[in-house]
Each structure stands twice: as structure tokens, then as C-alpha cells.
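Asker:
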Amino acid sequence: VSVETISKGTTRMAAPSPPGSRPQLSETFDPRRAIVFFGILVAGLLFIAYSVYSDVMATPTEVPAARLPPFALLAAALVIALGFEFVNGFHDTANAVATVIYTHSMRPSIAVVWSGVFNFLGVLTSSGAVAYGIISLLPVELILQVGSNAGFAMVFALLIGAIIWNLGTWYLGLPASSSHTLIGSIIGVGVANQLTSGGDAASGVDWAQATKVGYSLLLSPLIGFFAAALLLLALRLVARSPVLYREPVGVAPPPWWIRGILILTCTSVSFAHGSNDGQKGMGLIMLILIGVVPTAYALNRAMPDREIQPFLTASTYAAQTLDRVANGSTAADPRASVRSYLRSHRLEPSVAPALAQLSRDIRSQVEQHGSLRLMPAAAVQNVRNDMYLASEAIRRLLNEPSAHLSKADVDLLKLYRSDLDAATRFIPIWVKIAVAIALGLGTMVGWKRIVITVGEKIGKGHLTYAQGASAELVAAATIAAADVYGLPVSTTQVLSSGVAGTMAASGSGLQATTVRNMLLAWVLTLPAAIVLSGTLFVVFSRLL
Amino acid sequence: VSRAAIRRRWPSCSAWLLIAGLSFAGCNPSAPASSDAGAAPPRAATNEPLSGSVTVGGSTTVLPLSRLIVDRFAKAHPGVQVTLDSAPTAVAFSRLCAGQLDIAEASRPINAAENAACVANHVEFIELPIAFDTLSVIVNPRNTFATCLTAAELRRMWEPAAQGRITQWHQIRPGFPNLPIALYGLGGESGTFDYFTTALVGTGGSARQDYTKRANETELTDSVAADPNALGFFASAYYAANKDRLKLVSVDGGSGCVTPSVEAVTAERYQPLTRPIFIYVNRASSTRPAVQALARAYVSPESSPYALQVGYVPLPIAPLLYIARRLDREQTGSMFGNRGSVVGITADLLMDEEKIRNALVR
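Keeping their order, the protein sequence lines are chains A and B. Per this note's numbering, residue 1 is the first one in the first sequence, and the count goes up by one each step. Per this note's numbering, residue 1001 is the first one in the second sequence, and the count goes up by one each step.
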């Protein structure tokens, strides 16, 4: 087994394969495969162009020429956003396929296509419900003017920052968490914005996210290491066949049930990855679309007209409820009050009356046009911003004990908020498809580097059938548990630690250099992404 | 419309076409349940006075509330002719499904047989819960011992096995006097009777048959008020209207004695006898502005005081707004899976049809 350090990633690729049961990772170039790959890529790009074009052409406008958005800017932004998903795809493929490949449950080329397809399906079947969650973490003033230069500086900085860190760790073959990278990028933009905009100390950074990453750094390695180790030991008691605990002979697949577990967990990890990471990409793409072509994407133009009357009714009662909460206090500048609430999280007496006023303003705008699809270009962006402010502020308000909301108030405001979100937080189907293609294709290329690390460089022995199954099972179970209980854990970290745990449990030992580098990368991911995207934000703000 | 219902519709439609050779309109099985996005202009509130007629009929449980809502509606829209008459819930459903009512009042959800009649006649309906009834168990005011009864005791009194055997109060609880029990109730077509038996015996309509049947709540009130050994039950509006002649019994559904009240409903404590009451709007009629406006009045927060006034518990505002959207979306079919009486429906559940479906599967 090779003992070279991970940092020599480039030379490692050229090193001769270890003898014995190492899977055949490099296959000869197959032109047919390349044709299919690029065929899908080109078809995807054409599909996106066509979708944007027809969406834009469907908007009402007085001047037809005014329809034309800055296409170069839009194209660049979309390519970068989809590029982010693409890189995310191959950066995270190893989570799903490394154990399958090293236990010979599937041939590498089949495994990555399989994983890509399930990533694709995961994105397509995701509800899009959490796509906008990532956006609420960004500085509110930049979200409100996402079409401005500062808005673009934000989007480009966080995407490119995340891409750079993901690419860098991938190049070194280090399995770092791409979620932590994205959160770091978001915080970086927030911090940089706060520093450049002059001082408002609490402005625009959701430090709770950083705390979650901190917890994940503590939790994930522990869960992965010990759960996988215990699972392996438990397996030994149940399944005594020695084949399971020895290095695979040649490329012989494991017994059918171990193989089944591995393929099943590989499938579910791929699917969950598509669903989770795909939605983040969708949210970011929507942000770009809203910034560049607000008339087409700022409001959900597909919202049926029959939903308008109920929305107006809900607005009326929501405003009444907020008036009651306001209890006589007033707000001089409603938008400023709400913005400042979202930045500072301090519930001033002016917030409730400001929200009531905002709800009434939104109501009268929507009532005046009778439909979202008939809203003129000049009004769209303002109505969207008001809706966004109201929704975010209500979300916060609902968790304020000092607001003294009754259950009826809470239910009503929740209903109103879901109406606001139905108008503003929508994902056109083509955005889903575009992200699904980017993530699916990304999964199928460039996966080798991190797969080799996970499969060969963590432990000193070759991954056995039982080790592979234990680690992957723990990773899949953690994803499910994180979904149900909202645990802040990283799949990447759980799987890598899981492999380490099984290696330790079976006494084959760990490669200290890899483990050290990996841990270093995990700890560095958040600060590095913060610094990267923060710096980029400052640079872009000056350039744009 | 359930899958079974769709299967039923095909042959009847094609047969109708073959025999009559008439227009296919009105029995198009592939018609979408809701109109397409953006196809219709927004339903703007017009200032034109409403006209035409609306036929409302059904449950005596809903009737007291309907009277107030219809009165106010008639004053606001003098051009509309509203007929309001009363019948047991089962009769109301059969009239709705025969196309004879624009709005049916019901004290329980529609059941499978009734829904099948609607499907057969191509009548679609929009189901709207409008308030909660705290179904009231009542005794004669001279009865001093029956202040609180458990669900199990009520069951022992009313279940089919009690017929001819449970005849004395002391058989219900050892401390009760050795006096005969005189049970009074509404007939089997009553939604109240169906709900009560579902909630306490377990099967809708399954009860002893040797109780004294009364045709309506007024007769029931008179009988219980006159008989010191009496026990009966009906919708809380009728207790509220006859408080001085009757005595209300608290019910212990498993967590202590609870007297029906707004607070008890909000806290979901008056169980199993808190139930939603409904109107069912004929979907074809609902396109008529007058029908639409009256149906809306039933689910408007402005009508909530009426529910309180007659002795019901209004739905909280969010569930009410949520339910009103069934009209906007022309959402047809029963959210209770054509099960008839369903026990344990709370205001929160009415905002989450998926939860209701999951609860029904169990």
C-alpha cells in the first residue's frame, strides 16, 4: 500500500496500482460515452436558453425591446451557478460510490453512472421547499437589491468562492464537506458586506449557521467513527463468514446481501444528495434569475388567478392581527423598520405596525392588478421585495415570545406567510431539470481522486466487504436521522470517519497522514470559505 | 372523486350517450377538478346586485346557525330568493345528490353510499366545515346524580347489547339510584345520532333500538324536560336554547369530566363529542353568484359571532380562511374519504387534509 502523502495528489494518480484486488479505476476512453455526455450537456444548455427565452417573452411590457435582459451577464451567472452544482457533484460522488467500488459491488464506471442517475432523480423529485432556506441566510439588503452590482458581487463571490474551495480539496483528494463550504461562503459575503458597508456590527451574518458547522465538526467524526466501528463489531457476531472480513479476492463481488445493502445505501445516499444539494443550487439560480430578469422571475406568474382573492382576504386579517400585536404603536418608515429587524433581530415596538402597513401595501398592489401575471414590470420588483421582507419578518416574529401571539394568531400569520411564499418562492420546472443535469453529469466525472482517498488512503488495509457496508450504512442512516431530527451532520465527514472507524475496529490501523490532512481540511473549510468569498466579494464590489 | 368513483362514471356516461345521443356536456369524466391556471379572469367583486334563488336544506343541527346567516344574507341581498328548510342529514345528502339542493347542511361528513348516489347523478360537491358542535348529553333538571358520565358509561347505555338489559340507572354506576332509565333520541337518519353512536359505540347507527325515538329536537327537548328519568343527546344549539328546561351532563372521555365550552374545544378536551358541522355546496350551483356569495357567508369570519350566539364554537380564523379556499379552488369531494361520521376532528386537522387522510388509513 502506498504511503505517499495526500498533498502529492497529482503524482499519486500516476503511481502504479497496488497489486491484488484494487478496482480498475481507469478505463480506456470511450468515444460513445463522451458523445452521450456532451450530448446531454449541450441539450441541457439549449433547453435552459429556450426556457429563459420563452419565460421572458411571456412577460407583459410596454416596450418589446425592454424585454431583452443582459444575456451575457445572465449566461455567465447561470454557467457559474450550474458549474457550482457540477463541481459539487463530483466532489461528493465518493460519499455514494467509494465503498461500492472498493467492495466490487459495482464496477466503477457503472457505479458513478448509477449514482449520477439517482442524483438526477433526487433533484427532480425534490419539492424545492428548502431551496430558499439558503437565501434567507444572506444579507437582507443584498437580497432586496440582487439586481444591483452589489447583488451580483454577492452571488458571484459566494459561488466562485465555494467552487474554488471544492475544487482545491478535490484536487488534493480530500473529502471535505461541500455544505460547510457553502455556509462558509455565505458567511464570508455577509462579513465582507458588513465590513465594507461601514460598521453595523450585527448586520447580515447568521452566526447560528457557523455554530451548527461547529457542532457538525464535533458530531460527525464521532458518530461516523464509533457507529461504524460498533456496527462492524456487531456484524461479526451475526455474520461469521470470514470472507466478509478479509480483503476481497480479485474483483469478486461480496455475498448478495452485503452487495444489496451496499447498492441500496449507495442509491439512497445519491438520491438524498441530489435532493439536498440540488435544492441549494435551485435557490441560488432563482436568486440570479430574480436579479437579472425580475419581470419574469420575481413573482410567481404561474400563480392561478383564483388564488388572488384568498390571498387578499388573508392579507386583511393578517394586517388586523398585526395591528392588535402593535397595540397602538406606530412605524414612521415601515420598510426601514422591518429591514432593521431582520438585520438586528431586535423586536422594536415599530416592527408589528410596520409589518401591518407592509401587508396592507402588498394587498393594495395585488388587488390593483388582480393577478401576479398582470403585474407591470415597474411594480414587480417592489412587490417582491415587500413580500420577501414581510415573509422573513413574520417568520422571525412567530418565534418571539415577547410578541405574545395566541395560537390563532400564529396559525393565521403562518397561513399568510405561506401565501407570500407561494407568490415569491417558486421553482420553475426547468430550473429543477437544469440543476438535475448539472449535478448528475458532475457525479459522473472526476470522482476518482476522492474515491481513492476514501477507499485506499484512510486505513492501512484494503477495505473489506463488512467495512464498506458498515460505513455506508452509517452514512445513509445519518442522513435519514439528520432529516428527521435536524442534526447538523456532514455526510462526507460521517462516511470518511466511518471508514476510519471500521479500520480501527478491525485492527488494520489508520494512515496518520491522510487522517491528519482530512481533519485539517474539515476544520479549515469554514474559515477558508469565509476568507475566499469575503475577499472575492470585496474585489467584485470594486470591479463591478 | 375517488378512483372507484371514476370507474363508476365511465360506463354510465357512455351508456347515457348511446341511449340518449345527447350532448356530452355535464358528464365529461376527464374534466379536470379545477380550472387551469390563468384561464379565467380574476373573480372580481362586482357591484351588481345579486339575484336568483338559492335552495338550502338539511340538518336540524345546522339550522339555527343557518337561520342567522341566511337572514343577514337576505337583508343584504334583497334580490335573492333563499329557501331554507330542514331534514335529517341523510335526507339532505340524498336531496343534494339528486340535484335538488344548492347547499346541503350536514351534521356529519358524507358516507360512501351517499357519495355513490352523487357520482351516479354527476353531482359534485364542495365540502365546507363551518363550526364545531359540542354534542350535548342532557337529562331532566330533577336528576341530581347524573352530573358527569364517562364515555364507557354512555356506551353501556346505548350499545346494541344494552337492549332490554340495561334499564336501571344503578346498572350504569353502583352509586346511582334504582330508577328506570328513559332514553330519548333522534331517528337513524339523523347525523347527530350517527355521530353519537360512532363516537361511543364505534359504528355509526349501531345502537339499542328500545329507546324512545323523537322526530326532531323540539320533541326531544319536551320529552326530556317532562321525564325525570330521561337521558338524551343533541346538538349544543338546542341545549343553549333550552338551558332552563334541561340539565347538561359533563362527559369524561378518558381525561376527567369536561363541560362543553369554547375553551374545551380549543384545548381539544371535550372528546369524543366535539364534531365539525358542515355545508355541502353543489359545485354546478356554486358558479351562480348568489350561491357562491351565500356559501362564502357560511365560511366568513364575519359569521363567527353567529355560531357563538346559537351555541356552537366557531372555527378559528386560520382554519376558516383555509377552508374557504375550497370554494375558490372548487375543491370537490370529501376530505374524510366518504367515511361518514369521523371522530376526533380538530381545528388543526381541518388545516391539514393529508393528516386527516393518514388518520383515516389507520
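From the three backbone atoms N, C-alpha and C, an ideal C-beta is built for every residue, glycine too.
1. Mark A/Val97 as exposed unless 16 or more other C-beta atoms lie within 10 angstroms of its C-beta, in which case mark it buried.
2. If you compare alpha carbons, which of B/Arg1275, B/Asn1121, B/Glu1330 is closest to B/Val1313?
3. Please confirm if A/Tyr317 has its CB atom under 8 Å from at least one CB of chain B.
4. Under 8 Å, do B/Val1249 and B/Leu1273 count as touching if we go by C-beta distance?
5. With a threshold of 8 Å between beta-carbons, can B/Pro1305 be considered close to chain A, or not?
6. Does the region 506-521 of chain A come into contact with the region 448-465 of chain A, if we say contact requires no fewer than three beta-carbon pairs (one atom in each stretch) closer than 8 Å?
7. On the three-state DSSP scale, how would you describe A/Gly260?
8. Name the DSSP bridge partner or partners of B/Val1313?
9. DSSP on A/Ala176, reduced to helix/strand/coil?
10. For chain B, is any of its Cβ atoms less than 8 Å away from the one on A/Thr295?
11. For chain B, check one thing: does any of its Cβ atoms lie closer than 8 Å to the Cβ of A/Ala379?
12. Rounding to the nearest angstrom, what Cα-Cα distance links B/Ser1334 and B/Leu1360 in this structure?
13. Taking only the alpha-carbon atoms, compute the straight-line gap between A/Thr103 and A/Phe426 and give it to the nearest angstrom.
14. Out of B/Pro1180, B/Val1056, B/Val1119, state which residue places its alpha-carbon closest to the alpha-carbon of B/Asp1085.
15. Within the same chain, show all residues whose beta-carbon is closer than 7 Å to that of B/Ala1162, passing over the 5 residues directly before and after it, in chain order.
16. Take the Cβ of A/Asn399 as the centre, count every other Cβ of all protein chains shown within 10 Å, and call the residue buried at 16 or more, exposed below.
17. Taking B/Leu1200 as part of the alpha helix (DSSP H), name the residues at either end of that continuous run.
18. Which residues does DSSP pair with A/Glu85 in a beta bridge?
19. Would a C-beta distance cut-off of 8 Å place A/Phe119 and A/Gly440 closer than the cut-off?
20. Between the alpha carbons of A/Val146 and A/Arg384, how many angstroms are there, rounded?
21. Return no unless some Cβ of chain B is closer than 8 Å to the Cβ of A/Leu397.
22. Are the beta-carbon atoms belonging to A/Leu415 and B/Leu1321 less than 8 Å from one another?
23. Measuring alpha carbon to alpha carbon, tell me which residue in A/Ala403, A/Phe537, A/Thr59, A/Ser275 is nearest A/Ala480.
24. Closest Cβ-Cβ distance between B/Ile1345 and chain A: below 8 Å?
25. Of the residues that make up the region 284-315 of chain A, which ones have a beta carbon closer than 9 Å to any beta carbon in chain B?
26. Tell me the residue span of the beta strand (DSSP E) that contains B/Gln1292.
27. Relative to the alpha-carbon of B/Ala1087, which residue among B/Glu1302, B/Gly1205, B/Leu1186 has its alpha-carbon at the smallest distance?
28. Tell me whether A/Gln467 sits in a helix, a strand or coil according to DSSP, three-state version.
29. Which value, in whole angstroms, describes the spacing of the CA atoms of B/Asp1227 and B/Thr1203?
30. In whole angstroms, what is the alpha-carbon distance linking B/Ala1004 and B/Glu1124?
31. Could you tell me whether the Cβ atoms of A/Leu526 and A/His91 are closer together than 8 Å?
32. Please determine, among A/Ser337, A/Pro334, A/Asn327, the residue with the shortest C-alpha to C-alpha distance to A/His404.
33. In terms of residue numbering, what span does the beta strand (DSSP E) encompassing B/Val1281 cover?
34. Closer than 8 Å, CB to CB, is A/Asp411 near chain B or not?
35. Using Cβ-Cβ distances below 8 Å, what residues of the region 1312-1328 of chain B are close to chain A?
36. Would a check of beta-carbon distances place A/Ala201 closer than 8 Å to chain B?
Answerer: So, from the data block:
1. buried
2. B/Arg1275
3. yes
4. no
5. no
6. yes
7. helix
8. B/Phe1132
9. coil
10. no
11. no
12. 12 Å
13. 42 Å
14. B/Val1056
15. Arg1156, Arg1208
16. exposed
17. 1191-1200
18. DSSP lists no partner for A/Glu85.
19. Looking at the sequence provided, one finds Asn at residue 119 of chain A rather than Phe. Closer than 8 Å, so yes.
20. 12 Å
21. no
22. yes
23. A/Ser275
24. no
25. Arg301, Ala302, Met303, Pro304, Asp305, Arg306, Glu307, Ile308, Gln309, Pro310, Thr313, Ala314
26. No beta strand (DSSP E) holds B/Gln1292; the alpha helix (DSSP H) holding it covers 1289-1298.
27. B/Leu1186
28. helix
29. 28 Å
30. Because B/Ala1004 carries a pLDDT of 35, less than 50, the predicted location of this residue cannot be relied on, and no value is offered for it.
31. no
32. A/Asn327
33. 1274-1282
34. yes
35. Pro1316, Ile1317, Ala1318, Pro1319, Leu1321, Tyr1322, Ala1324, Arg1325, Asp1328
36. Only weak support exists for where A/Ala201 lies, its pLDDT of 46 falling under 50; the value from the coordinates is given anyway. No, its Cβ sits nowhere closer than 8 Å to a Cβ of chain B.
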